[in-house]
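Participant: Take this structure first; my questions come after.
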Amino acid sequence: MNLALTDEQKARKQEFYETCKELEKKRPPNFLGFETIYEDDRCWEYNLHCAKEFAKKGWLALGWPTEYGGKGDMMDRVLFAEARGYYGIPGVDIFGVQMLAPTLLQAASEEIKRKFLPPIARGEVMWCELWSEPNAGSDLASLSTTAIRKGEEYVINGQKTWNTGAHRADWGFGVFKTDPAARKHHNMTFILLDMKTPGITIRPIPYLDGHAPYCEVYFDDVHVPARNIVGQEHEGWAVVNLLAGFERSGINEIMAMIRGLEQLVRYCNETKRHGQPLAKNPLVRNRLAELACQLEAARALAYRVADLQNRNEMSLMDASAGKIFFSELGERFAFVATDILGPYGQVKTSRWAPLDGVWERMFHEHFITTVSMGTNEIQRNIIAWYGLGLPRIR
Amino acid sequence: MDLRFTETQEILKKMARDFLTTECPKTLVRKLEQSREGHSPEIWKKMAELGWMGLIIPEEYGGMGYSFQDLVVLLEEIGRNILPGPLIATMTSTFPILQAGTEEQKKTLLPKIAQGELILTTALLESEGVFDASGISVRATPKGNDFLINGTKLFVEMAHIANSILCVTRTKDSGSGEKGITLFIVDAKTPGISCEVMPTTAADKLCEVRFKDVSVPRKNMLGKIDEGWPIVEMMLRKGAIAKCAESIGAIQTCVEMTVAYSKERVQYERPIGAFQALQHKMADMWTAMETSRYLVYEAAWMESEGLPCAKEASMAKAYVNEVYKDVSKWAVRLHGAIATSADHDIPLYYRRSKAADIAFGNTDFHREIVAQKIGLV
């Protein structure tokens, strides 16, 4: 067991932190965390600016093979995510950089890799995910949107939903039923498509706070080139599973919470209640300390996942456990923080809101991590079935 | 960064698991629980031959010279098998001698500990039952070349069979309570000491130890007079991590036994492990175990490297305390009625979760340390 960083890693970590600290100074006042990039034009511009800055340093291709412009290793990627998480800096497309790129590297043809990886590394093309449908959520394999092969094209018809950032994205990756007669799990293909293709209609959906980070996407005779697929035709399910395996370790979200805790501690030290600092209240102390312990546990597990990935090993159980833990910690944190803020815990960003209203926002934003990327209930199934070997009744 | 065990650690782990599986079956655990001693001299002797008591004692004092991190690997295995006896008390009482002992004290005591000839325990808590210095009122007063100890200690693990007791005493009154604490190594046979085993949840032989004009030679003072509290803090910190490691092993056993049972037990024509109500609970137990494990490893690594880790040690203890109680509770619940019986192994773990929670500081004690370390005024 050795948790120490090498001197080179320490130096790179410092560079990641310094760069992110600089970028933080440029953030628009209404930027309140990752999801806001999809909701507001100025925040989206900020996202693109950060992407360009990171691309210049080669940081969007950390851990890739050098032949595709890669630099550094998986551990660098973790340290970079840590710095971005701490300062809350966007610019790393979760769909393009974090999900699609590693999938392409493992499963795509040389032609597809050469065509799609460089624009991702340059921070030029932003992606969205086209998976869920109104009747295919956790049971994704029961999807019904079709992509029927006609010569050198697929013609897509149907509807996708909960597509985060689809209204901002240049390209989308999705799974579509290409062989409706075939059995489940062997009837779909993983397709890459230009979101500007005629026949695509994108409608933003308001999230429960009224903002619109995600969309529903309608396909009406959308023609896409048949060569833009990943993996074998009709075997897109394997690619879906591969991509799902590139879960984020959660270090980004965890570092954001660690900084959130630091800010909350400062607020409690500076805010007087009943004639003394809020920090002197034993209940506040106990609850914040409890969260701090859980945060450290989450961070330790995230490093475990990163350590495995860095050696090209993967523990599906640990990745699922990490996802469950950090996302539900986000819920608890939001509840405790808004509770400690008292009546101010309900105030949105404004002159009345403590800490820019970030905790009011967390009070509804935490569902994004518990529900997306495989609901936490699905993650528990993964641990139970594939990890603990418990019987699965179909 | 590499979170895997080293080769030496893997060997140690395997050796410990094999040894404990053979030598320490649950029938013996129950027998020892019910005995007054709670200790098997035969196993003790064999463990001494394996070098366990001397694991972290430097080779020059007859020990194995292993690191604190290695000790954690061994303790995890001990926790899996819930080995009763004075091993943990002896090991954790060794820390203060290693850190604060004079050369003479080390030369006298450490080889004996390593050879299994000296069972040691620490007398810290008193009637208030608190882990800070304000709870210490047992007096040591100088008399010629000796000190006289008077007062009553409580919750002293295995004191009834210990050869020596590390006694935390008050030698001077002070405002905060932390000044004026002095440690003494007391021969348990000294006239004036009386001992009584307290009935406890885990039947782990915590004792009341009464000191009445117990005379201790000045040379048995550990560290400097009035300045013993930092030694106690160090022992609480290392002891907390050690106890966490033991708990991780126990938590793992609870998870494994529950998963295995749920695959065998058939109700409604299917193994109960097929029901999602149980599957999700077991997934939660596994997640709690895994989050605990790497938090403890982090603290252990820092301690082993000599890095300041009071925050991480307290975080680990405060977290694992709750996880062990919760996971062992769910282990009973998922087994159903069978695990509410004293004949079942799971309750052995559930009962110990309470003892583990209290040893070296309960959750609220450690959360307060964390509150200070994260910067709350």
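Sequence order for the protein chains is A and P. Position in the first sequence (from 1) plus 129 gives the number in my numbering. Position in the second sequence (from 1) plus 1241 gives the number in my numbering. All C-beta atoms, glycine included, are put in the ideal place defined by N, C-alpha and C. All of these numbers come straight from a predicted model, not from anything done at the bench.
(1) Do A/Leu229 and A/Trp256 have their C-beta atoms closer together than 9 Å?
(2) Which residues in the same chain as A/Trp291 place their Cβ atom closer than 6 Å to its Cβ, once the five residues preceding and following it in sequence are excluded?
(3) For A/Glu196 and chain P, any beta-carbon pair shorter than 9 Å?
(4) Which residue marks the beginning of the alpha helix (DSSP H) containing A/Cys172, and which one marks its end?
(5) Around the Cβ of A/Gly339, are there at least 16 other Cβ atoms within 10 angstroms (buried) or fewer (exposed)?
(6) Could you name each continuous alpha helix (DSSP H) segment of 4 residues or more that falls completely within the stretch 1313-1401 of chain P, going from the start of the chain to the end?
(7) Of the residues P/Thr1382, P/Leu1359, P/Thr1263, P/Cys1408, which one's Cα is nearest the Cα of P/Phe1396?
(8) Mind checking which residues open and close the beta strand (DSSP E) that includes A/Asn292?
(9) Counting only runs that start and end within the stretch 368-423 of chain A, where is the alpha helix (DSSP H) found for 4 or more residues in a row?
(10) When the Cα atoms are used, what is the spatial distance from A/Val465 to P/Ile1354?
(11) Anything in chain P within Cβ reach of A/Met324, meaning under 8 Å, just list it in chain order.
(12) Measure from the C-beta of A/Tyr432 to each C-beta in chain P and report whether the shortest distance is under 9 Å.
(13) Tell me the DSSP secondary structure of A/Pro111 in three-state form.
(14) So is A/Lys71 in contact with chain P if we call contact Cβ pairs under 9 Å?
(15) Which residues in chain P sit within 9 Å of A/Glu419, going by Cβ to Cβ distance?
(16) Can you give me the start and stop residues for the beta strand (DSSP E) that P/Asp1605 sits inside?
(17) Assign P/Ala1374 to one of two classes, buried (16 or more other C-beta atoms within 10 Å of its C-beta) or exposed (fewer than that).
(18) Any C-beta of chain P sitting closer than 9 Å to the C-beta of A/Gln438?
(19) Going by beta carbon distance, what residues of the same chain come within less than 7 Å of P/Glu1369, once the five residues before and after it are set aside?
(20) Can you check whether the C-beta of A/Leu191 is within less than 9 Å of a C-beta belonging to chain P?
(21) Using a C-beta cutoff of 9 Å, does P/Gly1514 count as contacting chain A?
(22) Of all the residues that make up the stretch 1532-1552 of chain P, which are near chain A by a beta-carbon distance shorter than 7 Å?
(23) Is A/Trp300 helix, strand or coil when you go by DSSP?
(24) Given that P/Asp1567 touches chain A, what residues does it touch there, using C-beta distances under 8 Å?
(25) Return yes when the Cβ of P/Lys1430 is within less than 9 Å of the Cβ of P/Glu1345, no when it is not.
(26) Specify whether the stretch 380-397 of chain A and the stretch 211-229 of chain A touch according to this definition: at least 3 beta carbon pairs, one from each stretch, less than 8 Å apart.
(27) Per DSSP, what kind of secondary structure is P/Val1618 in: helix, strand or coil?
(28) What residues in its chain sit with their C-beta under 6 Å from that of A/Gly379, if we drop five residues either side in the sequence?
(29) Give me, in chain order, the residues of the same chain whose beta-carbon lies closer than 7 Å to that of P/Phe1372; leave out the 5 immediate sequence neighbours on both sides.
(30) Below 7 Å on C-beta distance, what does A/Met204 contact in chain P?
(31) Is A/Gln405 buried or exposed, if buried means 16 or more other CB atoms sit within 10 Å of its CB?
(32) Look at the alpha carbon of A/Leu445 and the alpha carbon of A/Arg509, and state the distance between them as a whole number of angstroms.
(33) Nearest-angstrom Cα distance between P/Arg1380 and P/Glu1367?
(34) My understanding is that A/Thr274 touches A/Gly287, with C-beta atoms under 8 Å, so please give their C-beta distance in whole angstroms.
(35) What does P/Asp1428 pair with, by DSSP beta-bridge criteria?
(36) Using 9 Å as the threshold, is the C-beta distance between P/Ile1426 and P/Arg1411 below it?
Facilitator: In terms of the structure at hand:
(1) yes
(2) Ser261, Tyr343
(3) no
(4) 170-185
(5) exposed
(6) 1328-1341, 1344-1355
(7) P/Cys1408
(8) 282-293
(9) 380-399
(10) 48 Å
(11) Under the 8 Å cutoff, chain P gives no residues; its nearest Cβ is about 37 Å from A/Met324.
(12) yes
(13) There is simply no residue 111 of chain A to check, as chain A begins at 130 and stops at 523 in what is shown.
(14) Missing from the structure shown is residue 71 of chain A; chain A here goes from 130 to 523 and no further.
(15) Ala1559, Tyr1560, Glu1563, Thr1604, Arg1608, Val1611
(16) No beta strand (DSSP E) holds P/Asp1605; the alpha helix (DSSP H) holding it covers 1604-1614.
(17) buried
(18) no
(19) Gly1376
(20) no
(21) yes
(22) Thr1532, Ser1533, Tyr1535, Leu1536, Tyr1538, Glu1539, Trp1542
(23) strand
(24) Correct list: empty, because the minimum Cβ distance to chain A is about 13 Å.
(25) no
(26) yes
(27) coil
(28) Ala431, Gly451, Phe455
(29) Leu1477, Gly1602, Phe1606
(30) Met1242
(31) exposed
(32) 11 Å
(33) 12 Å
(34) 3 Å
(35) P/Ser1405
(36) no
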